[in-house]
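Respectively, the protein sequence lines represent chains A and B.
Residue numbers for the first sequence follow the numbering used here, beginning at 60 and rising by one.
Residue numbers for the second sequence follow the numbering used here, beginning at 60 and rising by one.
Where is the CB? At the ideal position from N, CA and C, for every residue including glycine.
Quick caveat: nothing in here was measured; it's all calculated off a predicted structure.
Scroll down for the structure; my scribbles are underneath it.
There are 2 protein chains.
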Amino acid sequence: MVIVRRTKQRQAILNKILSAEGPLSVSQIHGRASEELPRLGIATVYRTIKTLREEGEIVSVELPGEEAHYESAGRGHHHHFRCWSCEQVFDLGVCPVGIPSGTTLPGGYRVEEHNLTLYGRCSSCVAT
Amino acid sequence: MVIVRRTKQRQAILNKILSAEGPLSVSQIHGRASEELPRLGIATVYRTIKTLREEGEIVSVELPGEEAHYESAGRGHHHHFRCWSCEQVFDLGVCPVGIPSGTTLPGGYRVEEHNLTLYGRCSSCVAT
DNA sequence: CGTTTTCTGATATTAGTTTATCATTCGTTG
DNA sequence: CAACGAATGATAAACTAATATCAGAAAACG
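Set out below in structure tokens:
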């Protein structure tokens, strides 16, 4: 059981994660939350992320070759797009993977899950 | 590093990578090559991987939430399957991602590349 | 051979991420 | 409003991955 108090830090951190357009890294969360709480410590960010995960409010997102990112739980099955220019990660609504869970591929691989990341340029970076 | 000598270490490391069924981590490469060269140092593995990449013989493979893996270059566009039981990574021949390079998704995301990892159980682990 | 010079192996070092520690702050409750 | 205790912030410490160092081993080549 986790006793949780309503602190400014916790509210700012959770707010930044929930209102983000995609998963955020620890340093991104720290940077954004620091805008309203300039003395916010990085340890508090790590601690709060840990409790928010235990409470099921956020989930971790693993991207190839990067540190863990975190986003709101309950967004359902979706994937991510990483922009090569602004280096931000965005949630996508589409799932272009044509392999239902339980499919067995040639070679006998029984697929239960998949992780897809798309790369390119986001709309605002394409425009410039 | 222009001059490359044919050492037992280099041959063993390259052989393990080229003959693998999928990309290998540094510790996996070290473990497998150590079977024939018991005194092989981990630094030699890192050094050899670096030169093999510079020569274009191998490429790095990034898997979500894992250290870099390495496999033979020139295997073309493909994806990977990670077995939850034996924890090995296998190359797949299929590409079930229905997004050609250059596609623009809703939201204006211009997709140029993708990275897909499938998860489940491999044939030998399903059998047991 | 024998000389030259790269390569190796053991270890130290660097770099990055995450957790632990602890005095202080501050949210909560009666 | 007082007091208890969880949360914070600064910092140290722990881990892991990757590179640097350097004496000695061993390819390459005349």
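>> Can you tell me where the alpha helix (DSSP H) holding Cys131 (chain A) begins and where it ends?
In response: The sequence shown places Ser at residue 131 (chain A), not Cys. Segment 128-131 is the beta strand (DSSP E) holding Ser131 (chain A); no alpha helix (DSSP H) there.
> chain B beta carbons: is any one of them nearer than 8 Å to that of His128 (chain A)?
Replying inline: Chain B, which has no Cβ nearer than 8 Å to the Cβ of His128 (chain A), makes this no.
> Checking contacts by CB at 8 Å: is Arg180 (chain A) closer than that to chain B?
Replying inline: Chain B, which has a Cβ nearer than 8 Å to the Cβ of Arg180 (chain A), makes this yes.
>> Does the contact criterion of 3 or more C-beta pairs under 8 Å hold for the segment 128-139 of chain A versus the segment 168-182 of chain A?
In response: Touching, yes.
>> If we require 3 or more residues per run, which beta strand (DSSP E) segments fall completely within the segment 99-140 of chain B?
In response: Counting only runs of 3 or more, we get 117-120, 128-131.
>> Buried or exposed for Ala102 (chain A), going by 16 or more other Cβ atoms inside 10 Å?
In response: Counting Cβ neighbours within 10 Å, Ala102 (chain A) comes out exposed, since fewer than 16 surround it.
>> Cβ closer than 9 Å: which chain A residues qualify as neighbours of Ile158 (chain B)?
In response: By Cβ distance, chain A contributes Val153, Pro155, Leu177.
> If you drop the 5 nearest sequence neighbours on each side, which residues of the same chain put their C-beta closer than 7 Å to that of Leu77 (chain B)?
Replying inline: Contacts found: Ser131.
> Identify the residues that DSSP records as bridge partners of Val148 (chain A): which are they?
Replying inline: Partner(s): A:Arg141.
>> Does the structure place the segment 106-116 of chain B close enough to the segment 71-90 of chain B that three or more beta carbon pairs sit under 8 Å?
In response: Contact between the segment 71-90 of chain B and the segment 106-116 of chain B is present, because at least three Cβ pairs lie under 8 Å.
>> Tell me the residue span of the alpha helix (DSSP H) that contains Leu73 (chain A).
In response: Where Leu73 (chain A) is concerned, the enclosing alpha helix (DSSP H) stretches over 67-77.
>> List, in chain order, every chain A residue whose beta-carbon is nearer than 7 Å to that of Arg169 (chain B).
In response: Simply Gly179, Arg180, Val185.
> Can you list the residues of chain A that His173 (chain B) reaches, using a CB-CB cut of under 8 Å?
Replying inline: Within chain A, the residues near His173 (chain B) are Leu175, Thr176, Leu177, Tyr178.
>> From the DSSP secondary-structure annotation, give me the bridge partner or partners of Thr163 (chain A).
In response: Bridge partners of Thr163 (chain A): A:Arg169.
>> Distance cutoff 8 Å, beta carbons only. Does Gly124 (chain B) sit that close to anything in chain A?
In response: Taking Cβ atoms only, chain A reaches closer than 8 Å to Gly124 (chain B), which makes this a yes.
> Can you tell me whether DSSP reads Arg91 (chain A) as helix, strand or coil?
Replying inline: Here Arg91 (chain A) sits in helix by DSSP.
> Beta-carbon of Leu164 (chain B) versus every beta-carbon of chain A: anything under 8 Å?
Replying inline: Chain A places a beta carbon closer than 8 Å to that of Leu164 (chain B), counting this residue as a contact.
> Between the segment 156-169 of chain A and the segment 82-98 of chain A, do at least 3 Cβ pairs fall closer than 8 Å?
Replying inline: With the cut-off at 8 Å, the segment 156-169 of chain A and the segment 82-98 of chain A do not touch.
> Taking just the CA atoms, how far does Asp150 (chain B) sit from Gly179 (chain A)?
Replying inline: Cα-Cα distance, rounded: 24 Å.
> Listed from N- to C-terminal order along the chain, which residues in the segment 106-123 of chain A have their beta-carbon within a distance smaller than 7 Å of any beta-carbon of chain B?
Replying inline: Under the 7 Å Cβ criterion, the segment 106-123 of chain A contributes Glu121, Leu122, Pro123.
>> Can you list, in chain order, the residues of its chain with a C-beta nearer than 6 Å to that of Glu126 (chain A)? Leave out the 5 residues immediately preceding and following it.
In response: These residues qualify, in order along the chain: Ser84.
> In chain order, what residues of the same chain lie with their CB nearer than 7 Å to the CB of His89 (chain A), ignoring the 5 residues before and after it?
Replying inline: Leaving aside the five residues that flank His89 (chain A) on each side, the residues in its chain whose CB is nearer than 7 Å to its CB run, in chain order, Leu99, Ile101, Val104.
> Of the choices B:Val156, B:Arg69, B:Ile62, B:Thr187, whose alpha-carbon is the least far from that of Gly117 (chain B)?
Replying inline: Here residue 117 (chain B) turns out to be Ile, not Gly, going by the sequence shown. Residue B:Arg69 is the option with its Cα nearest to Ile117 (chain B).
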